[in-house]
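Numbering (the numbering used here), first residue to last: 13 to 366. Glycine included, every Cβ here is placed at the ideal spot set by N, Cα and C. Predicted model, so just to flag it, every value in this text is computed and none were measured.
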């Protein structure tokens, strides 16, 4: 069977499940991916320019299908879209072009049921297992961090570290910067934040640097300020750090993990009832879709390396690299132009890894 026939087979399966096929343009405005994707994706874009605007070859389907949804008469209402075709990313030792299928579900208020549908449909479409499915919950992590009232610099560091797959020790004990720019960091220690940001941006402009590694001058300035704040920080409160270490150590069968999470939050006198009820409801919907919960692996520290995920996240592999990956991204649509947040969840299937 040819690649084109494979693509059509996948699309027919998804269309039979109620997902309408779209074919987003291969050439996409680069700014949206530079602004909204994680560092890993930004560094792998294939970029070009017409002299006035910067473009990239589409690196994935979530953002293009989200833009197609917002441009449709159904924007704000429940809708399901899918696509299958080539996507383009640079990567060490990997082809820059490969085939991917994407399925995205928009506008559904029954979030946990939609989460279960996306994972179950992706597994059904990709074919029989055995699958190893890992899952996490970015909304539960965010709710816990908010309850602990951590400084903003630590919120950013923890979220970024999880997305990069860093060990907790590396996240909680940042290495002091002894590189050539440590003098700049020392100069920024304790400085007025607005003035310090302006100073760094001015230095970059003097050096004629508008972007570096996919980051804008403002983002580079923010990174310098964050590193300066970490240099002068006394570190995390010991009690809060201990609680986070216990939380991120929880992993295993999801029902058992749920019991451990509830016990931890109760002992710490933290009210995360709403988030835990949603967690358990999602498990019920997954079971109702025929997924054996004993085959799933929950990890409190599991995250995916795209900045727009806000809730349920997952990856499914079959003996090697991930074949399926996805999650919930409720705030992405408002960032792309919607008047308010719109519930959304989706998945990608790497066709050539099947």
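The three-state secondary structure of residue 81, taken from DSSP, is helix. A straight line joining the alpha-carbon of residue 336 with that of residue 359 spans about 7 Å.
Here residue 173 has 183 as same chain residues with Cβ atoms under 6 Å from its own Cβ, once five neighbours each way along the sequence are excluded.
The bridge partners DSSP lists for residue 149 are 324.
The shortest C-alpha to C-alpha distance from residue 99 to any of 176, 268, 321, 108 is the one to 108. From the listed residues 361, 343, 364, the smallest Cα separation to residue 119 is found for 343. For residue 117, there is no enclosing alpha helix (DSSP H); the enclosing beta strand (DSSP E) has its first and last residue at 109–118.
For residue 251, the closest C-alpha among the options 44, 161, 29 is that of 161. Residue 315 sits away from residue 128, with the two beta carbons spaced by 8 Å or more. Under DSSP, the beta-bridge partners assigned to residue 61 are 66. By the neighbour-count definition (other C-beta atoms within 10 Å, threshold 16), residue 346 is an exposed residue. Of the candidates 325, 282, 300, 57, 325 places its Cα closest to the Cα of residue 311.
Residue 366 is a Cβ neighbour of residue 138, given a cutoff of 8 Å. The residue among 103, 23, 86 with its C-alpha nearest the C-alpha of residue 56 is 103. Between the C-alpha atoms of residue 96 and residue 112 there is a straight-line separation of about 6 Å. Here residue 273 is near residue 262, since their CB atoms are less than 8 Å apart. When the five nearest sequence neighbours on each side are left out, the beta carbons in the same chain lying within less than 7 Å of the beta carbon of residue 68 are those of 40, 42, 45, 57, 58, 59, in order along the chain.
By alpha-carbon distance to residue 146, the top candidate from 297, 266, 318 is 266. The C-alpha of residue 163 is placed about 43 Å away from the C-alpha of residue 364. A direct Cα-Cα distance of roughly 7 Å separates residue 290 from residue 124.
According to the DSSP assignment, residue 72 belongs to no alpha helix (DSSP H), since it is labelled neither H nor E.
In the three-state scheme derived from DSSP, where H, G and I count as helix and E and B as strand, residue 179 is classed as coil. The Cβ atoms of residue 77 and residue 34 lie closer than 8 Å to each other.
Note on geometry: alpha-carbon atoms of residue 72 and residue 176 lie some 19 Å from one another. Distance between residue 300 and residue 348, taken at the CA atoms: about 33 Å.
Setting aside the 5 residues that flank it on each side, residue 110 is surrounded in the same chain by 364, each with a C-beta closer than 6 Å to its C-beta; the list follows chain order. Of the candidates 275, 171, 320, 275 places its Cα closest to the Cα of residue 255. Across the structure, residue 341 and residue 264 are spaced so that their CA atoms are roughly 24 Å apart. Close CB contacts of residue 269 within its chain, under the 6 Å cut and outside five residues either way in sequence, are with 262, 310 (chain order).
Note on geometry: alpha-carbon atoms of residue 25 and residue 117 lie some 15 Å from one another.
If you look at residue 258, you'll find it in the alpha helix (DSSP H) that goes 250–260. A direct Cα-to-Cα measurement between residue 257 and residue 36 gives close to 42 Å.
Fully enclosed alpha helix (DSSP H) runs of no fewer than 4 residues occupy 285–300 of the region 267–335, in order along the chain. Per DSSP, reduced to three states, the secondary structure at residue 362 is strand. CA-CA distance, residue 89 to residue 185, rounds to 45 Å. At a Cβ-Cβ threshold of 8 Å, residue 75 and residue 93 do not count as neighbours.
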